[in-house]
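Each residue of the sequence shown is one higher than the one before, starting from 61 at the first, in my numbering.
Here the structure is laid out as C-alpha coordinates; the discussion comes afterwards.
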Amino acid sequence: MQIRILDKYIFKEVFKTFIFGICAFSAVFIGSGTLFRIAQYITEYGASLASVAKIFVLSLPGVVIWTFPMSMLLSGLLTIGRLSGNSEITAMKSCGISFYRIAAPAIVLGAFVSVFAVYFSEYIVPWSNEAYSNVLNYEIKGNLAPQSQEHIIIKDIKNGNIENLIYARQYDATTNQMLGITMQSFEKGELSHVENAEYADWKDNQWTMHEGIIYDVSQGESRHTMHFDTQVLPVNESPKEIIREQKKPEEMSMAELTAQIKIMKSQYVNTAKLETELYQRVTIPMASLIFTLVAVPLGMQPNRNSSSRGFVISIVIIFIYYSLMTMAGAIAQGGTVPPIIAVWLPNIVGLIAGGWLMHRASK
(Lines of atoms letter the chains of each structure in order from A and count residues from 1; the text may use other names and numbers.)
(Lines give C-alpha, C1' and ligand atoms only; values in the text may rest on other atoms or scores of the structure.)
Protein backbone atom coordinates (compact mmCIF):
# COMPACT_ATOMS: atom_id res chain seq x y z
CA MET A 1 0.00 0.00 0.00
CA GLN A 2 2.84 2.39 0.93
CA ILE A 3 4.64 1.55 -2.33
CA ARG A 4 1.52 2.48 -4.32
CA ILE A 5 1.27 5.81 -2.48
CA LEU A 6 4.95 6.43 -3.21
CA ASP A 7 4.47 5.56 -6.89
CA LYS A 8 1.57 8.01 -7.16
CA TYR A 9 3.57 10.70 -5.41
CA ILE A 10 6.62 10.39 -7.68
CA PHE A 11 4.48 10.00 -10.82
CA LYS A 12 2.44 13.09 -9.93
CA GLU A 13 5.53 15.21 -9.27
CA VAL A 14 7.25 14.14 -12.49
CA PHE A 15 4.05 14.69 -14.50
CA LYS A 16 3.55 18.22 -13.14
CA THR A 17 7.08 19.20 -14.08
CA PHE A 18 6.60 17.54 -17.49
CA ILE A 19 3.59 19.77 -18.20
CA PHE A 20 5.60 22.79 -17.05
CA GLY A 21 8.37 21.76 -19.45
CA ILE A 22 5.97 21.54 -22.41
CA CYS A 23 4.65 25.03 -21.68
CA ALA A 24 8.14 26.49 -21.16
CA PHE A 25 9.78 24.96 -24.24
CA SER A 26 6.72 25.64 -26.42
CA ALA A 27 6.79 29.29 -25.36
CA VAL A 28 10.45 29.51 -26.41
CA PHE A 29 9.77 27.93 -29.83
CA ILE A 30 6.66 30.05 -30.42
CA GLY A 31 8.34 33.26 -29.32
CA SER A 32 11.46 32.69 -31.43
CA GLY A 33 9.79 31.28 -34.54
CA THR A 34 6.01 31.24 -34.89
CA LEU A 35 5.31 34.80 -33.73
CA PHE A 36 8.10 36.14 -35.94
CA ARG A 37 6.60 34.40 -39.00
CA ILE A 38 3.11 35.63 -38.12
CA ALA A 39 4.44 39.20 -37.94
CA GLN A 40 5.90 38.72 -41.42
CA TYR A 41 2.56 37.46 -42.77
CA ILE A 42 0.79 40.52 -41.37
CA THR A 43 3.30 43.05 -42.75
CA GLU A 44 3.96 41.40 -46.14
CA TYR A 45 0.55 39.94 -47.01
CA GLY A 46 -1.85 41.84 -44.77
CA ALA A 47 -3.06 38.62 -43.11
CA SER A 48 -6.42 38.94 -41.37
CA LEU A 49 -6.93 38.30 -37.66
CA ALA A 50 -8.87 35.09 -38.42
CA SER A 51 -6.07 33.73 -40.64
CA VAL A 52 -3.42 34.63 -38.08
CA ALA A 53 -5.41 32.84 -35.34
CA LYS A 54 -5.68 29.72 -37.53
CA ILE A 55 -1.95 29.79 -38.29
CA PHE A 56 -1.10 30.10 -34.61
CA VAL A 57 -3.34 27.20 -33.50
CA LEU A 58 -2.32 24.93 -36.38
CA SER A 59 1.37 25.52 -35.69
CA LEU A 60 1.11 24.25 -32.10
CA PRO A 61 1.13 20.45 -32.75
CA GLY A 62 4.30 20.75 -34.85
CA VAL A 63 5.96 22.65 -32.00
CA VAL A 64 4.69 20.49 -29.13
CA ILE A 65 5.92 17.21 -30.64
CA TRP A 66 9.51 18.47 -30.33
CA THR A 67 9.03 19.45 -26.68
CA PHE A 68 7.97 16.01 -25.39
CA PRO A 69 11.53 14.59 -25.10
CA MET A 70 12.91 17.87 -23.74
CA SER A 71 10.15 18.05 -21.14
CA MET A 72 10.70 14.46 -19.97
CA LEU A 73 14.40 15.19 -19.58
CA LEU A 74 13.72 18.36 -17.62
CA SER A 75 11.03 16.76 -15.43
CA GLY A 76 13.27 13.80 -14.57
CA LEU A 77 16.22 16.00 -13.65
CA LEU A 78 14.24 18.60 -11.69
CA THR A 79 11.82 16.30 -9.87
CA ILE A 80 14.25 13.53 -8.95
CA GLY A 81 16.90 16.17 -8.23
CA ARG A 82 14.58 17.97 -5.83
CA LEU A 83 13.65 14.73 -4.05
CA SER A 84 17.32 13.88 -3.76
CA GLY A 85 18.27 17.38 -2.56
CA ASN A 86 15.54 17.19 0.14
CA SER A 87 16.93 13.79 1.24
CA GLU A 88 13.64 12.10 0.29
CA ILE A 89 15.50 9.63 -1.94
CA THR A 90 17.80 8.79 0.99
CA ALA A 91 14.76 8.18 3.21
CA MET A 92 13.21 5.89 0.59
CA LYS A 93 16.41 3.86 0.27
CA SER A 94 16.69 3.57 4.08
CA CYS A 95 13.27 1.89 4.01
CA GLY A 96 14.62 -0.78 1.69
CA ILE A 97 13.22 0.62 -1.56
CA SER A 98 15.61 -0.06 -4.45
CA PHE A 99 16.81 2.47 -7.02
CA TYR A 100 14.87 0.79 -9.82
CA ARG A 101 11.68 0.82 -7.74
CA ILE A 102 12.08 4.55 -7.11
CA ALA A 103 12.80 5.19 -10.79
CA ALA A 104 9.87 3.07 -12.03
CA PRO A 105 7.12 5.77 -12.00
CA ALA A 106 9.25 8.20 -14.03
CA ILE A 107 10.23 5.48 -16.52
CA VAL A 108 6.60 4.38 -16.91
CA LEU A 109 5.62 7.99 -17.64
CA GLY A 110 8.48 8.28 -20.16
CA ALA A 111 7.29 5.12 -21.93
CA PHE A 112 3.69 6.37 -22.00
CA VAL A 113 4.77 9.75 -23.40
CA SER A 114 6.79 8.00 -26.14
CA VAL A 115 3.81 5.89 -27.22
CA PHE A 116 1.47 8.87 -27.11
CA ALA A 117 3.97 10.96 -29.08
CA VAL A 118 4.08 8.33 -31.86
CA TYR A 119 0.27 8.50 -32.11
CA PHE A 120 0.38 12.32 -31.97
CA SER A 121 3.06 12.43 -34.68
CA GLU A 122 1.10 10.06 -36.91
CA TYR A 123 -2.42 11.46 -36.71
CA ILE A 124 -2.32 15.04 -35.38
CA VAL A 125 0.88 16.65 -36.67
CA PRO A 126 0.51 15.76 -40.41
CA TRP A 127 -3.10 17.00 -40.43
CA SER A 128 -2.17 20.28 -38.71
CA ASN A 129 0.82 20.81 -41.03
CA GLU A 130 -1.37 20.32 -44.11
CA ALA A 131 -4.05 22.66 -42.77
CA TYR A 132 -1.35 25.21 -41.90
CA SER A 133 0.00 25.12 -45.49
CA ASN A 134 -3.50 25.54 -46.94
CA VAL A 135 -4.26 28.57 -44.79
CA LEU A 136 -0.87 30.11 -45.56
CA ASN A 137 -0.93 29.51 -49.31
CA TYR A 138 -4.60 30.08 -50.14
CA GLU A 139 -5.86 32.47 -47.46
CA ILE A 140 -2.81 34.57 -46.65
CA LYS A 141 -0.54 34.48 -49.71
CA GLY A 142 -3.39 33.95 -52.17
CA ASN A 143 -1.39 31.52 -54.31
CA LEU A 144 -4.23 30.65 -56.64
CA ALA A 145 -1.94 29.73 -59.55
CA PRO A 146 -0.24 26.30 -59.32
CA GLN A 147 3.46 26.32 -58.47
CA SER A 148 6.22 24.23 -60.04
CA GLN A 149 6.82 21.05 -58.07
CA GLU A 150 8.76 17.80 -58.27
CA HIS A 151 7.50 14.24 -57.82
CA ILE A 152 3.81 14.46 -58.71
CA ILE A 153 1.72 11.39 -57.83
CA ILE A 154 -1.90 10.97 -58.97
CA LYS A 155 -4.08 8.01 -58.01
CA ASP A 156 -7.26 7.10 -59.87
CA ILE A 157 -9.23 5.04 -57.33
CA LYS A 158 -12.64 3.48 -58.03
CA ASN A 159 -14.56 1.24 -55.64
CA GLY A 160 -11.55 1.13 -53.35
CA ASN A 161 -9.19 -0.16 -56.09
CA ILE A 162 -6.46 1.73 -57.94
CA GLU A 163 -7.16 1.78 -61.68
CA ASN A 164 -4.36 4.14 -62.68
CA LEU A 165 -1.27 5.25 -60.82
CA ILE A 166 0.50 8.20 -62.44
CA TYR A 167 3.93 9.53 -61.54
CA ALA A 168 5.47 12.69 -63.01
CA ARG A 169 9.05 13.66 -62.31
CA GLN A 170 8.12 17.36 -62.30
CA TYR A 171 5.33 19.85 -62.95
CA ASP A 172 6.56 22.98 -64.72
CA ALA A 173 4.21 25.89 -64.03
CA THR A 174 5.79 28.09 -66.71
CA THR A 175 4.85 25.65 -69.51
CA ASN A 176 1.86 24.01 -67.82
CA GLN A 177 3.45 20.60 -68.39
CA MET A 178 4.17 17.47 -66.40
CA LEU A 179 7.54 15.98 -67.34
CA GLY A 180 8.73 12.38 -67.20
CA ILE A 181 5.33 10.63 -67.08
CA THR A 182 4.80 7.01 -66.02
CA MET A 183 1.27 5.61 -65.85
CA GLN A 184 0.57 2.15 -64.42
CA SER A 185 -2.86 0.68 -65.20
CA PHE A 186 -4.40 -2.09 -63.11
CA GLU A 187 -7.11 -4.67 -63.74
CA LYS A 188 -8.56 -6.50 -60.74
CA GLY A 189 -5.65 -5.31 -58.63
CA GLU A 190 -3.02 -6.62 -61.07
CA LEU A 191 -0.72 -4.45 -63.17
CA SER A 192 -1.87 -4.74 -66.80
CA HIS A 193 0.21 -2.21 -68.71
CA VAL A 194 2.61 0.69 -68.31
CA GLU A 195 2.83 3.87 -70.37
CA ASN A 196 5.87 6.16 -70.37
CA ALA A 197 5.81 9.62 -71.98
CA GLU A 198 8.28 12.47 -72.28
CA TYR A 199 5.72 15.01 -71.10
CA ALA A 200 2.03 15.83 -70.83
CA ASP A 201 0.51 19.27 -71.35
CA TRP A 202 -2.78 20.80 -70.16
CA LYS A 203 -4.84 22.13 -73.04
CA ASP A 204 -8.57 22.32 -73.71
CA ASN A 205 -9.32 21.00 -70.21
CA GLN A 206 -7.44 17.74 -70.70
CA TRP A 207 -3.97 16.30 -70.27
CA THR A 208 -2.29 14.99 -73.44
CA MET A 209 0.81 12.81 -73.31
CA HIS A 210 3.49 13.17 -75.99
CA GLU A 211 6.23 10.88 -77.33
CA GLY A 212 5.42 7.76 -75.37
CA ILE A 213 5.81 4.00 -75.24
CA ILE A 214 3.28 1.40 -74.07
CA TYR A 215 4.33 -1.83 -72.36
CA ASP A 216 1.95 -4.73 -71.79
CA VAL A 217 2.50 -6.65 -68.57
CA SER A 218 1.74 -10.35 -68.28
CA GLN A 219 2.66 -12.57 -65.31
CA GLY A 220 5.00 -9.91 -63.97
CA GLU A 221 6.90 -9.52 -67.24
CA SER A 222 6.62 -6.55 -69.57
CA ARG A 223 7.17 -6.28 -73.28
CA HIS A 224 7.20 -3.31 -75.61
CA THR A 225 4.13 -3.13 -77.79
CA MET A 226 3.97 0.28 -79.47
CA HIS A 227 5.03 3.91 -79.63
CA PHE A 228 2.63 6.84 -79.72
CA ASP A 229 2.98 10.49 -80.57
CA THR A 230 0.06 11.74 -78.50
CA GLN A 231 -2.45 10.15 -76.17
CA VAL A 232 -4.98 11.51 -73.71
CA LEU A 233 -4.01 11.00 -70.07
CA PRO A 234 -7.04 9.73 -68.07
CA VAL A 235 -6.85 12.53 -65.50
CA ASN A 236 -9.67 15.05 -65.07
CA GLU A 237 -7.99 17.32 -62.53
CA SER A 238 -6.58 20.67 -63.60
CA PRO A 239 -3.00 21.66 -62.70
CA LYS A 240 -4.31 23.70 -59.78
CA GLU A 241 -6.23 20.72 -58.37
CA ILE A 242 -3.35 18.31 -58.89
CA ILE A 243 -0.79 20.53 -57.17
CA ARG A 244 -3.15 21.18 -54.27
CA GLU A 245 -3.55 17.42 -53.73
CA GLN A 246 0.22 16.90 -53.41
CA LYS A 247 1.55 16.71 -49.88
CA LYS A 248 4.89 17.62 -48.38
CA PRO A 249 6.65 14.87 -46.34
CA GLU A 250 5.72 16.54 -43.06
CA GLU A 251 2.04 16.51 -44.11
CA MET A 252 1.92 12.73 -44.70
CA SER A 253 1.15 9.93 -42.31
CA MET A 254 3.59 7.03 -42.02
CA ALA A 255 1.36 4.92 -44.27
CA GLU A 256 1.36 7.68 -46.91
CA LEU A 257 5.12 8.10 -46.63
CA THR A 258 5.63 4.36 -47.06
CA ALA A 259 3.42 4.33 -50.17
CA GLN A 260 5.22 7.39 -51.58
CA ILE A 261 8.61 5.77 -51.02
CA LYS A 262 7.48 2.60 -52.78
CA ILE A 263 6.21 4.53 -55.82
CA MET A 264 9.34 6.68 -56.08
CA LYS A 265 11.66 3.70 -55.72
CA SER A 266 9.84 2.04 -58.63
CA GLN A 267 10.88 5.10 -60.67
CA TYR A 268 14.48 4.87 -59.40
CA VAL A 269 14.19 8.16 -57.52
CA ASN A 270 16.32 8.80 -54.44
CA THR A 271 14.02 8.42 -51.41
CA ALA A 272 16.55 9.11 -48.63
CA LYS A 273 14.77 12.32 -47.54
CA LEU A 274 11.40 10.58 -47.29
CA GLU A 275 12.89 7.60 -45.47
CA THR A 276 14.56 9.94 -42.99
CA GLU A 277 11.20 11.64 -42.33
CA LEU A 278 9.51 8.23 -41.93
CA TYR A 279 11.96 6.84 -39.38
CA GLN A 280 12.07 10.09 -37.41
CA ARG A 281 8.32 9.71 -36.80
CA VAL A 282 9.38 6.96 -34.37
CA THR A 283 12.86 7.98 -33.20
CA ILE A 284 11.91 11.48 -32.01
CA PRO A 285 8.97 10.27 -29.86
CA MET A 286 11.12 7.41 -28.49
CA ALA A 287 13.60 10.01 -27.23
CA SER A 288 11.14 10.76 -24.39
CA LEU A 289 11.81 7.36 -22.83
CA ILE A 290 15.55 7.55 -23.52
CA PHE A 291 15.82 11.01 -21.95
CA THR A 292 14.03 9.65 -18.88
CA LEU A 293 16.60 6.85 -18.55
CA VAL A 294 19.33 9.49 -18.66
CA ALA A 295 17.62 12.04 -16.40
CA VAL A 296 16.61 9.83 -13.47
CA PRO A 297 20.10 8.62 -12.45
CA LEU A 298 21.60 12.08 -13.02
CA GLY A 299 18.85 13.65 -10.90
CA MET A 300 19.47 11.28 -7.99
CA GLN A 301 22.93 12.68 -7.36
CA PRO A 302 22.67 14.81 -4.17
CA ASN A 303 22.80 18.54 -4.90
CA ARG A 304 21.16 21.39 -3.06
CA ASN A 305 20.96 23.54 -6.18
CA SER A 306 18.99 20.89 -8.05
CA SER A 307 16.89 23.33 -10.10
CA SER A 308 19.71 25.37 -11.61
CA ARG A 309 21.85 22.27 -12.07
CA GLY A 310 18.93 20.45 -13.72
CA PHE A 311 18.38 23.29 -16.22
CA VAL A 312 22.07 23.38 -17.15
CA ILE A 313 22.31 19.61 -17.61
CA SER A 314 19.07 19.64 -19.63
CA ILE A 315 20.43 22.26 -22.03
CA VAL A 316 23.71 20.37 -22.49
CA ILE A 317 22.01 17.01 -23.14
CA ILE A 318 19.41 18.53 -25.47
CA PHE A 319 22.17 20.27 -27.43
CA ILE A 320 24.20 17.06 -27.75
CA TYR A 321 21.19 14.93 -28.75
CA TYR A 322 19.77 17.31 -31.35
CA SER A 323 23.25 17.96 -32.77
CA LEU A 324 23.63 14.19 -33.21
CA MET A 325 20.14 14.00 -34.70
CA THR A 326 20.90 16.80 -37.20
CA MET A 327 24.15 15.13 -38.28
CA ALA A 328 22.45 11.73 -38.49
CA GLY A 329 19.70 13.22 -40.67
CA ALA A 330 22.28 14.78 -42.98
CA ILE A 331 24.17 11.47 -43.23
CA ALA A 332 20.91 9.62 -43.93
CA GLN A 333 19.89 12.01 -46.72
CA GLY A 334 23.41 11.96 -48.13
CA GLY A 335 23.22 8.22 -48.68
CA THR A 336 26.49 7.44 -46.90
CA VAL A 337 24.69 5.23 -44.39
CA PRO A 338 21.25 3.59 -44.81
CA PRO A 339 18.63 6.03 -43.40
CA ILE A 340 17.20 3.53 -40.90
CA ILE A 341 20.64 3.09 -39.30
CA ALA A 342 21.65 6.76 -39.38
CA VAL A 343 18.35 8.03 -37.94
CA TRP A 344 18.39 5.54 -35.06
CA LEU A 345 22.02 6.33 -34.15
CA PRO A 346 21.30 9.20 -31.65
CA ASN A 347 18.74 7.02 -29.84
CA ILE A 348 21.15 4.09 -29.70
CA VAL A 349 23.82 6.36 -28.19
CA GLY A 350 21.26 7.73 -25.71
CA LEU A 351 20.04 4.25 -24.79
CA ILE A 352 23.59 3.05 -24.09
CA ALA A 353 24.32 6.15 -21.99
CA GLY A 354 21.03 5.79 -20.10
CA GLY A 355 21.60 2.09 -19.44
CA TRP A 356 25.10 2.76 -18.15
CA LEU A 357 23.92 5.61 -15.87
CA MET A 358 21.04 3.49 -14.54
CA HIS A 359 23.38 0.59 -13.77
CA ARG A 360 25.88 2.91 -12.09
CA ALA A 361 23.22 4.65 -9.97
CA SER A 362 21.76 1.33 -8.80
CA LYS A 363 25.02 0.34 -7.08
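Ideal Cβ positions, reconstructed from N, Cα and C, are used throughout, including at glycine.
Rounded to whole angstroms, the gap between the alpha carbons of T242 and S298 is 18 Å. Rounded to whole angstroms, the separation of the alpha carbons of I98 and S92 is 11 Å. DSSP, reduced to helix, strand and coil, places K263 within a strand of the structure shown. Cα atoms of I400 and R341: separation of roughly 12 Å, rounded to the nearest angstrom. Here the C-alpha atom of Q393 lies approximately 25 Å from the C-alpha atom of V124. Rounded to the nearest whole angstrom, the C-alpha separation of S144 and M152 is 10 Å.
Under the three-state reduction of DSSP, Y160 is assigned to helix. By the beta-carbon neighbour count (other beta carbons within 10 angstroms, threshold 16), S422 is exposed. Taking L137 as the centre and dropping the five residues before and after it, the same chain places the C-beta of A355, L358, G359, G370, I373 and S374 closer than 7 Å to its C-beta, in chain order.
Our two residues, Y328 and T396, have alpha carbons roughly 18 Å apart in a direct line.
Residue environment for V117: exposed (fewer than 16 other C-beta atoms within 10 angstroms of its C-beta). In the same chain as T343, and ignoring 5 residues on each side of it, the C-beta atoms closer than 7 Å to its own belong to V403, W404 and N407, in chain order. Q237 sits buried, since 16 or more C-beta atoms from the chains shown fall within 10 Å of its C-beta.
Cβ contact annotation for K201 (same chain, cutoff 7 Å, sequence separation greater than five): Y105, in chain order.
With 16 or more other Cβ atoms from the protein chains shown falling within 10 Å of its own Cβ, I303 counts as buried. With a threshold of 16 other beta carbon atoms within 10 Å, E250 falls short and is exposed. Rounded to whole angstroms, the separation of the alpha carbons of G156 and A388 is 43 Å. Where K333 is concerned, the enclosing alpha helix (DSSP H) starts and stops at A332 to G359. Contact between the segment 303-320 and the segment 185-197 is present: 3 or more CB-CB pairs across the two stretches fall below 8 Å.
Of A390, Q361, P398 and G410, the smallest CA-CA separation from I378 is found for G410.
For S108, the number of other beta carbons within 10 angstroms of its own is below 16, and it is reported as exposed. Residue pairing by DSSP places I217 opposite I222 in a beta bridge. Going by DSSP, E247 is part of no alpha helix (DSSP H) but of the beta strand (DSSP E) stretching over Q237 to E247. Each of I222, G170, A257 and K72 was checked against the Cα of M346, and the nearest Cα belongs to G170.
Counting of Cβ neighbours within 10 angstroms places Q244 among the buried residues, the total reaching 16 or more. Straight-line measurement puts the Cα of L196 at about 26 Å from the Cα of F128. Taking the CA atoms as reference points, V173 sits about 22 Å from S383.
Residue environment analysis places K114 among the buried positions, since at least 16 neighbouring C-beta atoms fall within 10 angstroms of its C-beta. Counting other Cβ atoms within 10 Å of its Cβ, I70 reaches 16 or more and is therefore classed as buried.
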